[in-house]
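S.K.: Everything in the sequence shown is counted per my numbering, starting at 8 for the first residue and increasing by one.
The beta-carbon is built from N, C-alpha and C at its ideal position, and this holds for glycine as well.
Since we're looking at a predicted model, the values are computed, not measured.
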Amino acid sequence: MSEYLETPAGRRIAFQRSNGRGPGVVFLGGFKSDMTGTKAAWLHDWARQQNRAFLRFDYSGHGDSSGSFEEGCMGDWFEDARHVIEALTDGPQVLVGSSMGGWIALLVARALPQRVAGLVTIAAAPDFTEQGFWAGFSDAQRQTLTRTGRIELPSEYSDKPYVITRHLIEDGRRHLVMTQPLHLPFPVRMLQGTADADVPADWAVRLLDHAAGDDIRLTLVKGADHRFSSPECLALIGQSIGDVLA
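1. For the structure I just gave you, are there three or more beta carbon pairs, one from the stretch 175-187 and one from the stretch 199-209, closer than 8 angstroms?
2. Buried or exposed: Tyr11, going by 16 or more other Cβ atoms within 10 Å of its Cβ?
3. Would you tell me roughly how many angstroms separate the C-alpha atoms of Asp258 and Leu160, rounded to the nearest one?
4. Would you tell me roughly how many angstroms separate the C-alpha atoms of Asp221 and His190, rounded to the nearest one?
5. As a quick exercise: from Ile111, Pro99 and Glu77, pick the residue whose alpha carbon is nearest that of Asp87.
6. For the stretch 117-130 against the stretch 96-109, are there 3 or more C-beta pairs whose distance is under 8 angstroms?
7. Go ahead and pull the three-state DSSP assignment for Val184.
8. Under 9 angstroms, do Ala231 and Gln187 count as touching if we go by C-beta distance?
9. What residue range does the alpha helix (DSSP H) around Gln150 cover?
10. Can you confirm whether the stretch 66-84 touches the stretch 45-53 when touching is taken to mean that 3 or more C-beta pairs between the two stretches lie within less than 8 angstroms?
11. Just to check my reading of the structure: Thr201 and Leu227 have Cβ atoms closer than 8 angstroms, yes? What is that Cβ distance to the nearest angstrom?
12. Report the three-state DSSP secondary structure of Arg28 (helix, strand or coil).
13. For Ala242, does the three-state DSSP call read helix, strand or coil?
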């Protein structure tokens, strides 16, 4: 059953948490996903079996939280995550960031390093609004976006298209992590499938090269796709969290 937290910006954020020992685990979901997804639900059960505190939530415009997805942007979703972590957890947490959640986890780590015990990323998509969407748009698409403020892209995960807004792109440029130093002074485990059609495996290699830290490892899983939700992939997520906690 979801509970709700009001942010300073007036957004109503849906969350679910379970008590347990610390450091707790916080799951940060992906673009247009919610906390009922396979990985979030699996982690909820995993944390309960481990007697580990766990928190999952929906960004504004996602799932049961307030707001419109199309009006949202990285700055809003980062603020949502930061406020949820500060208000609902105690002490350092292990952040588990999937896809866009990997980018948000890196933003949280940069802003609140004292509240991060470790980081596990799953197909992390740092700066995807720029190096994914904008870089992949044709000149005609860029002109349409600039002129009308929005563009629709087909989604393989839904019948409805993705609506990408100019606001999303422009705000994303204010939150880039691959264009400036990225210090991660805690254990980091990055997981990436080689058959991921949404986040190329070379993004993971570039993030590994770019980030500075004494304990950062990347695991490539041959044949795994962007969902990274097979039993073997889910087990690897749990193993990676355990590795960070150890």
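M.R.: Looking at the coordinates:
1. Output reads no: the stretch 199-209 does not touch the stretch 175-187.
2. Start at 1 with the first residue of the sequence shown, and residue 11 comes out as number 4. The residue is exposed, with fewer than 16 neighbouring Cβ atoms inside 10 Å.
3. No answer is possible for residue 258: it lies beyond the span of the chain, which begins at 8 and ends at 253.
4. The sequence position of residue 221 within the sequence shown is 214, counting from 1. The sequence position of residue 190 within the sequence shown is 183, counting from 1. Their Cα atoms are separated by approximately 10 angstroms.
5. Here residue 87 refers to the residue found at position 80 of the sequence shown. Put simply, of Ile111, Pro99 and Glu77 the residue whose alpha carbon is nearest the alpha carbon of Asp87 is Ile111.
6. Yes, since at least three Cβ pairs between the stretch 117-130 and the stretch 96-109 fall closer than 8 angstroms, the two stretches touch.
7. Taking the sequence shown and counting its residues from 1, the one referred to as residue 184 is at position 177. Coil.
8. Numbered from its first residue, the sequence shown carries residue 231 at position 224. Numbered from its first residue, the sequence shown carries residue 187 at position 180. The Cβ atoms of Ala231 and Gln187 do not sit closer than 9 angstroms to each other.
9. Taking the sequence shown and counting its residues from 1, one reaches residue 150 at position 143. Per DSSP, the unbroken alpha helix (DSSP H) holding Gln150 starts and ends at Asp146 to Thr155.
10. No: the two stretches stay apart, fewer than three of their Cβ pairs being nearer than 8 angstroms.
11. On the sequence shown, residue 201 is found 194 positions in, with the first residue counted as 1. On the sequence shown, residue 227 is found 220 positions in, with the first residue counted as 1. Thr201 to Leu227, Cβ: 6 angstroms. Contact.
12. Along the sequence shown, read from residue 1 onward, the residue named residue 28 stands at position 21. In the three-state reduction of the DSSP assignment, Arg28 falls in the strand class, which pools E and B.
13. As a first step, residue 242 must be located in the sequence shown, where it is residue number 235. Note: Ala242 maps to helix in three-state DSSP.
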